[in-house]
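J.: Questions regarding the structure given below will be posed in turn.
In my numbering, the protein residues as written are -19 to 101.
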């Protein structure tokens, strides 16, 4: 493999593709979001890239393991029992496969992500 296979996130030219949470999952607002996937491995189980979102809140069901690193903003993730954790610029965290709860973006947020989708789901 050559150095061209090494992906530098901070120098990636890909613009985020626009999206928003599906209407049936939205709890507050209609947050516009953007995702730019910078890397997918040959098994198509591992993805890495950039995500951004306007403020809003939605139901979250994780069908993957996800590592997040907050570049800017403020988010709150809560479980189904109402317990929550807040994350801000510089925070890194994992969301495990099977997590159910809510994502709430309290301030415009940007993050890097690494997602692994297990074969046996």
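Glycine included, each C-beta is placed from N, C-alpha and C at the ideal position.
For clarity, every value in this text was computed on a predicted model and none was experimentally measured.
Grouping DSSP H, G and I as helix and E and B as strand, with all else coil, what is residue -10?
T.: In the chain shown, residue -10 corresponds to position 10, counting from 1. Of the three classes helix, strand and coil, the one that applies to residue -10 here is helix, per DSSP.
J.: Name, in chain order, the residues that DSSP records as bridge partners for residue 79.
T.: Here residue 79 refers to the residue found at position 99 when the chain shown is read from its first residue. Residue 79 is not bridged to any residue.
J.: Can you give the Cα-Cα distance for residue 38 and residue 1, rounded to whole angstroms?
T.: The residue given as residue 38 occupies position 58 in the chain shown. The residue given as residue 1 occupies position 21 in the chain shown. Straight-line Cα distance between these residues: approximately 7 Å.
J.: Report the rounded CA-to-CA distance for residue 101 versus residue 77, giving the unit in angstroms.
T.: Reading the chain shown from its first residue, position 121 is the one you call residue 101. Reading the chain shown from its first residue, position 97 is the one you call residue 77. The predicted position of residue 101 is uncertain, since its pLDDT is 49 and thus under 50; a value taken from the coordinates is nonetheless stated next. Between residue 101 and residue 77, the C-alpha separation is close to 9 Å.
J.: Quick check on the burial criterion: 16 or more other C-beta atoms within 10 angstroms. Buried or exposed for residue 65?
T.: Here the question's residue 65 lines up with position 85 in the chain shown. The residue is exposed, with fewer than 16 neighbouring Cβ atoms inside 10 Å.
J.: Just to confirm the assignment, what range does the beta strand (DSSP E) spanning residue 13 have?
T.: Taking the first residue of the chain shown as 1, we reach residue 13 at position 33. Residue 13 -> beta strand (DSSP E) spans 13 to 20.
J.: Locate the beta strand (DSSP E) running through residue 55, then write down its first and last residues.
T.: Locating residue 55 in the chain shown gives position 75, counting from the first residue. Run containing residue 55: 45 to 59, per the beta strand (DSSP E) assignment.
J.: Suppose contacts are defined by Cβ-Cβ distances below 8 Å. Is residue 90 in contact with residue 36 by that definition?
T.: Position 110 of the chain shown holds residue 90. Position 56 of the chain shown holds residue 36. Result no, Cβ atoms of residue 90 and residue 36 do not sit closer than 8 Å.
J.: By Cβ distance below 6 Å, which residues in the same chain neighbour residue 17 in space, the five residues on each side in sequence not counted?
T.: For the purposes of this step, residue 17 is taken as residue 37 along the chain shown, with counting starting at 1. Answer for residue 17: 27, 29, listed in chain order.
J.: What's the call for residue 84, buried or exposed, on a 16-neighbour Cβ count within 10 Å?
T.: Looking up residue 84 in the chain shown gives position 104. Flag for residue 84 reads buried.
J.: I need the straight-line Cα distance from residue 31 to residue 82, nearest angstrom please.
T.: For the purposes of this step, residue 31 is taken as the residue at position 51 of the chain shown. For the purposes of this step, residue 82 is taken as the residue at position 102 of the chain shown. Approximately 17 Å between the Cα atoms of the pair.
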